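Position 15 of the sequence shown, counted from 1, bears residue number 16 in my numbering, the numbering being contiguous throughout. What follows is a single structure, written as structure tokens, with notes after it.
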Amino acid sequence: MKRSPKKKLFRSPPGTPPIKTMHDTLAMIQATDLTLLAAHPVGKANLQRIHTMAEAKTAELREMLGVAEQIERAYAKALASVVEA
């Protein structure tokens, strides 16, 4: 018998913009009683796993934002030097 792959808690259709997926996930979380879920051992374990994944994604996005800000500053500096020259 074939093993089925692990299902994600929330899956967006392919090609969905990441911000849309994040808004949909937030709406789902707000509509769910997470405290009730956390009261059950299996629910708590799942919430801890998902929380760890969310923390990792947040760290990744913060790093990307930092690099994007450095790139933007480099372009702004180059443009400012051209205007002054």
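Ideal placement from N, C-alpha and C gives every residue a C-beta, glycine not left out. Computed from a predicted structure; not experimentally measured.
- Contact between Leu-48 and Ala-39 holds, since their C-beta atoms are separated by about 5 Å, short of 8 Å.
- Judged by DSSP in its simplified three-state form, Gly-16 adopts coil rather than helix or strand.
- Straight across, the Cα-Cα distance linking Ala-81 with Ala-46 is about 52 Å.
- Within the same chain, no residue comes within 7 Å of Leu-66 by CB-CB distance, once the 5 residues on both sides are set aside.
- Residue Leu-35 holds the alpha-carbon nearest to the alpha-carbon of His-52 among Val-68, Leu-35 and Glu-64.
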